[in-house]
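Chains as they are written, first to last, in our numbering: chain C, 2 to 181; chain P, 22 to 803.
Ideal Cβ positions, reconstructed from N, Cα and C, are used throughout, including at glycine.
What follows is the structure, encoded as C-alpha cells:
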C-alpha cells in the first residue's frame, strides 16, 4: 500500500496526511471525536466491492458508528432508496464552506464538528476540499475513508485495492457497538 | 461616440515629383457625439470604481478557498509555505494568495480574448478601413454593443471606434495584472474585486472581437434560424485534401477559404476546424465543417485526417507539431502568439514555402500574412494529400493486442488520468483480445494524453483508445446551429417581461470547454432537459458542439428539435468564445430595452437590475481554461451565478452564499426603502457541482430571483421541486426560504409545501422592488 497521492501530480503539500496503517487506528480516532460527521460523495454508487456498492458499506458503517452522514450531489436519493436517512444533504462545496466557518454549529445546531470523515468524492474535489479545510479550518481533523491516499487530509488510508478497502470498511464497522 | 480620430490613409499616390505608398495620418481627435443618452456615473471605470458593488456581492458570496498548493512560488523570497495561517516572506497569507491566483487566471483569460480582438480589429481596419460601419443585425439591432455602451459609455459606429474601446481594455488589464506583483494588494477581497473587474473587461474584449468580425466577414447577423452546419469527422469527405484549423482566430482560415474560392477549388478541398475557430469557419463559409471540441486534437491528428494543420491561437496543444510530423502533415503556424519555434517565412515567396513543405524539407512554417497562409495551405494540401494518403499514427487492432501484453499493470496511467478511467483493466482485456473495455473509454477520454506520458513502457494508450473507438469516430456526423451572433432587440422585447416576471423560468447559458467528467452526453442531457422545460438555453464554444453531437429517439439533434431563437424552449448557439459576450449582452439589453434603464456608463444599476430580476445561470460543465475563468468573473460582476463541473473545482475558489444565514439576504425595497428578506436568491455566485443531477437541480434553484412575481416564483419552484424529487428522491428542505406568499406555492404541491412551511414556522412577507443600492430607493420612509 503506497502513501503517494493517488493522482500523481497532487503533491504540493507541506503538511501531509498521516497514513492510516490499519483500520483500528481510524476507529480509535472516530471514537475519540465528540462530534464527527461523514461526508459521502457521488462515487458511493460507482464503486463496487464483492458485489456490494460502497454506499451499502457506508450505510452499515453509519448505522454501527452513529456518525451522522452528509450526502453530497444527488446521493441523498440513493441513501433514501436504501432506507437510510442522512443527517443532511448539500453540495460538497456547501459543506466545505460551512466547515471553515468556526461559528457554524453543525447539522444539529449543537456544535461545530471536530472530525470530518470524507469518502467517495471525485478525487480532485475531495483533494481540494481537504486542502481548503487544512488551510482554513486548521483545528479541524479530517480523515478519508477511500482507498486512495489524500495528502491534504489529517489522516488518510494509503492507496489500496478494492479488496483491501472492503476489508477495512468491514473492520471499521465491526468495531462499533452497532456493527457485526 | 464621444471622440473620433481624423484619419487619412493613402495606399498609393504618384505625382510628378514623388511617390507615396501606405501613408496613414491621424490628426488629433474631434469631438462628436450622436448619442443623446446621458452619461452615467461610471464610464470607463478604473479597477476601484465599482469596488463598492463588488464588496456588496462578496459580502453575500464569501470566497471558499481550496488552494491545492500550500506554497507560493512567485518570487525569489520563496518558496514560501503558507499552510494553515502562515504568512510568506512578503507578508501574504493563503486567502490573499489564493485570490491572487484567481486574479492571475482572470487576467490571462481577459488578455487572451482582448489580444485576439486587438488582432482582429487591427487586421480588419487594415483591410476595410477605420470607417467601415458596424452592423451585427441590421434593423433588428439598435443596441449593437451593450457591454461597450455599459462599461465605456461609448456607442461604437465604425471599426475605428473599437480602437478606443480596446485601448481602455488593454489599460485595465495591465493595471489588474500589476496588482498581482509581490507587495501590491494584500487583502483577499480586494484581489477578488479586481478579478471581477478584469472579468468585466474580458466581456468587453470579447464583444469588440465578435462585433468586428460579424460586421465585416458576412457572419450570420443575429439570425435565429442560422443554418445548420455539419459536425463530426464523419461529415468530412476524406477523399479530398483536408485542411484542419485549430484555435480561435478565424482570420487565417478566412485566407484559406478566400484563396480556395478565388481559385475555384473550394469544392475540391475540405476546410475543417477544431475548437472555436471551427464555429467561425462555418459562420464565414457554408461548406466549412466543425469536427470537434478542443480536446479532440490528438484524436484527429493521429487519426491522420489532416493533410495540413493550421494553427492560429488559444487552446492549441503545444505538441501538435510533433504529432503532425508523425503523420507527415505539414504545419502552418499563423499567429504571433503561437510561433511553435518555426522559421518566419512570411516574406518568402509562396512557391518556395510550398515546395519546402511538400518535399518535407521543413515540417512547419510560421506565416503571419493570412492571405499567404491561404495560398500555402491550399496548395500544400492539394500536393501533400496524394502523397500521405491520410497516413495515421494509430496501431492496428492486432498491434494493440501485442502492445497490451507489455503492460505491467502498474496503474500509473490511471493515476495520471484526470478522469480516473480504468485504463489498466482495459489494456489487460485488450491483451486478451477483448477490445470492448477500450472502446468504451472512447466516449469518456478527454484526449489529454497524460496516460502515455506516465507509462513506463511508453504504450500509446490514447492511440489505442482512438483505434478501438475508430468506428464511432468515423460515424460522427451530426449538426450544429451555425453561430448566430447577437440577440435581436425584438427578441428581447418579446421575452423581457416573462423573463423578468419569472414566467419564463430562466436563461441557461451552457458554455465553455470540453473537459467533461463523463463524456459530452451530460451537456446534451442538461440542455435538452431545460429546453424541454421552456427555459431559454444559450450555448457557445465547445459546449455548443457537444450539445449537437447526440440525437434524440427520433434521430434529431438538439438544434433540429428546438428553435434557435432567444425564446422559451429555444436553443441558440451564439458562436465561438468571443460570442459569449452576446449572452451577457442579452441580459444587459433586457435591462435597457425592456426596463428602459440607461446603459451609458451605468454599470452598477444595470448589474443590480440583472442580479435581482433576471433568472440567468451559466454552466461551464467542462471548463478548463483561464479564459473560462475570466468569462465567469464577468458574469459574477453582472450578478449572474455560474456553475462549473467537477474539474472546475481546480479554479480553487468558490463564491458561496449561506442559506442558513438569513441576515445575508436582505435587499432594499426601492418603493419604500424598507429592508426585506428575500431568501437566498440566488444562493451562490460560483459553485462546483459534482454530478449532472446536481447541476440540474442547482440550475433550477439558481434561477430564482427576488423580483419574481408570484406566478413566476410558482413556476420556478415547480421546476425546482420536480427536478429535486426526480434526482434527490425527496422534497427540497429549503422551500420555506423561497415562499413569500401562499400564491408562490405551485397549486399541485400545496399539501407538500404546507408541511414544510409549518415545520419552519414560515411567515408571509412582501415581494419587494429589490435593489442592493440605496440610491435606487425612490421614496424613503421618514
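Proximity winner among P:757, P:162, P:275 and P:559, relative to residue 242 (chain P) (alpha-carbon distances): P:162
Against chain C: residues of the stretch 654 to 686 of chain P by CB proximity under 7 Å: 667, 668, 670, 671, 673, 675 and 677
8 Å CB neighbourhood of residue 162 (chain C) in its chain, flanking five on each side removed: 148
Boundaries of the alpha helix (DSSP H) in which residue 610 (chain P) is found, first to last residue: 602 to 610
Cβ-Cβ distance between residue 299 (chain P) and residue 312 (chain P) below 8 Å: yes
Those residues which DSSP pairs with residue 53 (chain C) across a bridge: C:50
Cβ pair residue 126 (chain C), residue 154 (chain C) closer than 8 Å: no
Beta-carbon gap between residue 262 (chain P) and residue 430 (chain P) smaller than 8 Å: no
Cβ pair residue 533 (chain P), residue 501 (chain P) closer than 8 Å: no
Cα-Cα separation between residue 716 (chain P) and residue 746 (chain P), rounded to whole angstroms: 14 Å
Local conformation of residue 423 (chain P) per DSSP, three classes: helix
DSSP state of residue 65 (chain P) mapped onto helix, strand, coil: coil
Below-8 Å beta-carbon distance, residue 185 (chain C) vs any chain P residue: This structure cannot speak to residue 185 (chain C), because chain C is shown only from 2 to 181.
C-beta neighbour in chain P for residue 126 (chain C), strict 8 Å: yes
Assumed close pair residue 714 (chain P), residue 675 (chain P) - CB separation to whole angstroms, cut-off 8 Å: Actually they are not in contact, since the Cβ atoms of residue 714 (chain P) and residue 675 (chain P) sit about 19 Å apart, beyond 8 Å.
Chain C contact residues for residue 92 (chain P), given Cβ-Cβ distances below 8 Å: 13 and 15
Test item: CB-CB of residue 73 (chain C) and residue 42 (chain C) under 8 Å: yes
CB of residue 86 (chain P) within 8 Å of CB of residue 621 (chain P), strictly: no
As assigned by DSSP and simplified to three states, the class of residue 108 (chain P): coil
Chain C contact residues for residue 87 (chain P), given Cβ-Cβ distances below 8 Å: 97, 129, 130, 132 and 133
Three-state class that DSSP yields for residue 689 (chain P) in the structure shown: strand
Three-state secondary structure (DSSP) of residue 173 (chain C): helix
Beta strand (DSSP E) segment containing residue 251 (chain P), residue limits: 249 to 252
Exposure of residue 635 (chain P), with buried meaning 16 or more beta-carbon neighbours within 10 Å: buried
Residues of its chain near residue 79 (chain C), where Cβ-Cβ distance is below 8 Å and the 5 sequence neighbours each way are ignored: 45, 46, 56 and 72
Whole-number beta carbon distance between residue 623 (chain P) and residue 688 (chain P), since they are thought to touch under 8 Å: Not a contact, Cβ separation roughly 19 Å.
Option nearest residue 122 (chain C) by Cα separation, candidates C:27, C:40 and C:30: C:40
Proximal residues to residue 310 (chain P) (C-beta, below 6 Å), its chain only, five neighbours per side dropped: 251, 256, 257 and 293
Through-space distance from residue 12 (chain C) to residue 785 (chain P), alpha-carbon basis: 52 Å
Beta carbon proximity, residue 24 (chain P) to chain C, threshold 8 Å: Confidence at residue 24 (chain P) is low in this model, with a pLDDT of 48, below 50, so its placement is unreliable and no value can be given for it.
Contact test: residue 657 (chain P) Cβ vs the ligand ZN heavy atom, cutoff 7 Å: You won't find the ligand ZN in this model; it holds no ligand whatsoever.
Buried or exposed by the 16-neighbour rule on C-beta atoms within 10 Å, applied to residue 854 (chain P): Only positions 22 to 803 of chain P appear in the structure, and residue 854 (chain P) is not among them; the question remains open.
Exposure label - residue 158 (chain C); buried when at least 16 CB within 10 Å: buried
Within-8 Å CB hit, residue 62 (chain C) to chain P: no
Chain-order list of residues whose beta-carbon lies under 6 Å from that of residue 203 (chain P) (same chain, five-residue window excluded): 96 and 111
Pairwise C-alpha distance: residue 374 (chain P) and residue 323 (chain P): 24 Å
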